[in-house]
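This report concerns only the one structure given below.
Chains as they are written, first to last, in UniProt numbering: chain G, 1 to 312; chain V, 1 to 352.
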């Protein structure tokens, strides 16, 4: 819950500052209209994002109360505790799990998006609807479905024993692989869609030009297709990495309820340990990782191909 | 490169019976052509005539359903696009937006695994050839349309292909840059000695650039000839109507011209057997205005273009006005009765 994307609304602050505008009243009217359109969105962000975020940042420097709550005594112990291996390892392993999931999603998603972008129009639509289709069912139900599939007497084990491939049911649930599987299943569409948009937009003549100049298909992919779709790759990676890192539902259901990911840890600090200051500190750490990631993404998107269609 | 003007023409590209269908539409219907070593060849036709499909087949982006294509006698179709000694200058230029000018041009050379220094030398040389020295470090989006085209051209010729394909090379340029580029292309073709094939729907572009033109329509080759011959001796009704302005009459061939029921016998040459259904084509500049002539009519419209005047004359019994091009200004005014004449040698009979 602490991992909503905190991206500032673009253009909110960007006001045209062309000097000596002769139509002052109209400019004022424009500002009012802009405010009317932006107002609800900005209000929403202030009340439901900025204020809680400010509280979280504020809590990190205070002590916890004996029976929960916050005691307003300044301390740095929350941050020292963050580097206690007990917690720090969980943060690291969460980043690792999210990274692994993102990489697998990229490896599966790129070819998928590539093929869909090359389909005839009608099949494209069908394929895209199929990608989005899982979102029509409740997220929790879909995650529980994996429990049924992977449990001891579940469908996968039944099939494998029935086929004589294994004698004993495999322990498929409650390990890191299960969590990655669940995360991957849940967020793969968020990888495929931006990739599809990027690949679809790529002028097919650029690939032809590459072949025409003597590049084999593999070379064309590495030198032309991939660099020019890199912004889509980065967007997809952020879209998958962000919800994976903060997720606590999937580790809870598929990971056997232990605090294996930082999302669970934060949830437990707030709801079970009643240590709001430390929970806030953990949340802030996650936010810091994500902000860093967004900076990397923005930077990479800018140096690469960002100039291409700015002016046609 | 020393051009050998008197050497017998050697076929570089042989196209034999090539057909390509897209669903119900025959984009190419049994096309056969010979493109000679060192010539500037044009594929000319309206959009949808199949010229682009033929170009894509030569480049290897498309495969024909039937037919053979050879380059220097060897089967070209057996090679994938990236192994053909054929380069294409795309209509949209298709420059790589994430690479600099030098990067774009070097791309093809790097694929040949040439040493770095050699690549750099060649890039510099070709940039000088197309007049873009000093622009090597810029990105395509920082260049003007004309400059982008030069980069596209440089990228295509730097590999010294056996065959250079140009897809509508001048269409995206404004008029002034166009004329410049036209001269440049011809100069370059002489200089590098590569066989050029240009695809265009613009007859002026084809006429001014090419040594020979293949006029295509509905997937078929109508006529292959030098520009002047195409203009003076069109072989099919389509070519007669497509290339330049023309006055066309429909009738039956006779020994000395064309018999048109409403107009009588119109003089013309062409060696068609008497009785053959035929067209007679007379160019506007071959028609003389006078007191009396082969036909008489009423002047409908006069337009003065500076060097020439165009006069439209309505002739009873002919549904379209006859166009006459006269040198300089003309004294005739709309409404005047005029006679129209031409010499038989200037009028062509074409079988329908």
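Even glycine gets a Cβ: it sits at the ideal position worked out from N, Cα and C.
Remember, it's a predicted structure, so these values are computed and weren't measured experimentally.
Three-state class that DSSP yields for residue i in the structure shown
i                      : result
residue 82 of chain V  : helix
residue 24 of chain V  : coil
residue 168 of chain V : coil
residue 36 of chain V  : strand
residue 312 of chain V : strand
residue 151 of chain V : helix
residue 223 of chain G : helix
residue 99 of chain V  : coil
residue 207 of chain V : helix
residue 16 of chain V  : strand
residue 62 of chain G  : strand
residue 215 of chain V : strand
residue 341 of chain V : strand
residue 332 of chain V : coil
residue 76 of chain G  : coil
residue 151 of chain G : coil
residue 318 of chain G : The structure shown does not extend to residue 318 of chain G, since chain G is modelled only from 1 to 312, so the question has no answer here.
residue 180 of chain V : helix
residue 300 of chain G : helix
residue 112 of chain V : coil
residue 268 of chain G : helix
residue 196 of chain V : strand
residue 173 of chain V : coil
residue 252 of chain G : helix
residue 212 of chain G : helix
residue 94 of chain G  : helix
Spatially closest choice to residue i from the options, by CA coordinates
i                      : options                    : result
residue 172 of chain V : V/192, V/186, V/150, V/193 : V/150
residue 174 of chain V : V/147, V/121, V/53, V/21   : V/147
residue 288 of chain G : G/116, G/276, G/56         : G/56
residue 244 of chain G : G/121, G/182, G/194, G/82  : G/182
residue 182 of chain V : V/161, V/157, V/208        : V/208
residue 242 of chain V : V/44, V/26, V/341, V/22    : V/44
residue 276 of chain G : G/33, G/36, G/78           : G/78
residue 315 of chain V : V/161, V/40, V/247         : V/247
residue 131 of chain G : G/186, G/264, G/118, G/290 : G/186
residue 50 of chain V  : V/342, V/159, V/130, V/21  : V/21
residue 240 of chain G : G/226, G/99, G/93          : G/99
residue 294 of chain V : V/272, V/152, V/347, V/334 : V/347
residue 155 of chain V : V/190, V/117, V/111, V/187 : V/111
residue 223 of chain G : V/79, V/108, V/87, V/9     : V/108
residue 237 of chain G : G/273, G/218, G/192, G/208 : G/192
Residue i and residue j closer than 8 Å at C-beta
i                      : j                      : result
residue 38 of chain V  : residue 195 of chain V : yes
residue 166 of chain G : residue 155 of chain G : no
residue 63 of chain G  : residue 75 of chain G  : yes
residue 228 of chain G : residue 98 of chain V  : yes
residue 220 of chain V : residue 29 of chain V  : yes
residue 113 of chain G : residue 188 of chain G : no
residue 317 of chain V : residue 262 of chain V : yes
residue 81 of chain V  : residue 53 of chain V  : no
residue 238 of chain V : residue 222 of chain V : yes
residue 89 of chain V  : residue 167 of chain V : yes
residue 231 of chain G : residue 301 of chain G : yes
residue 281 of chain V : residue 334 of chain V : no
residue 169 of chain V : residue 198 of chain V : yes
Per-residue contacts from residue i into chain V (C-beta, under 8 Å)
i                      : result
residue 214 of chain G : 82, 83, 108, 111, 112, 159
residue 227 of chain G : 98
Proximal chain V residues relative to residue i, where beta-carbon distance stays under 9 Å
i                      : result
residue 242 of chain G : Those do not exist, as residue 242 of chain G stays about 26 Å from chain V at its closest Cβ, beyond 9 Å.
residue 121 of chain G : In chain order: nothing, as chain V lies at least about 15 Å away.
Within chain V, partners of residue i - CB distance below 7 Å
i                      : result
residue 205 of chain G : 90, 92, 94
residue 224 of chain G : 96
residue 201 of chain G : Simply none; closest approach about 12 Å.
residue 302 of chain G : Residues of chain V passing the Cβ test: none, with the nearest at roughly 12 Å.
Residues that residue i contacts on chain G, provided the C-beta gap is smaller than 9 Å
i                      : result
residue 155 of chain V : 209, 213
residue 61 of chain V  : 208, 211, 212
Contact list for residue i against chain G, beta-carbon separation under 8 Å
i                     : result
residue 87 of chain V : 212, 213
Any non-hydrogen atom of the ligand NAP within 7 Å of residue i CB
i                      : result
residue 207 of chain V : Questions concerning the ligand NAP fall outside what the structure shown contains, since it holds no ligand whatsoever.
Notebook entry, point to check: Any chance the region 61–69 of chain V sits against the region 12–27 of chain V, with 3 or more Cβ pairs inside 8 Å?
Noted result: yes
Next item on the list: Take every Cβ of the region 96–111 of chain V, pair it with every Cβ of the region 175–191 of chain V, and state whether three or more of those distances are shorter than 8 Å.
Entry: no
Check: Quick one: any contact between the region 268–286 of chain G and the region 194–205 of chain G, if contact means 3 or more CB pairs under 8 Å?
Finding: no
Note to self: So, does the region 315–328 of chain V touch the region 275–290 of chain V, judging by three or more C-beta pairs under 8 Å?
What the structure shows: yes
Check: Counting pairs of Cβ atoms below 8 Å between the region 273–288 of chain G and the region 200–219 of chain G, do you hit three or more?
Finding: no
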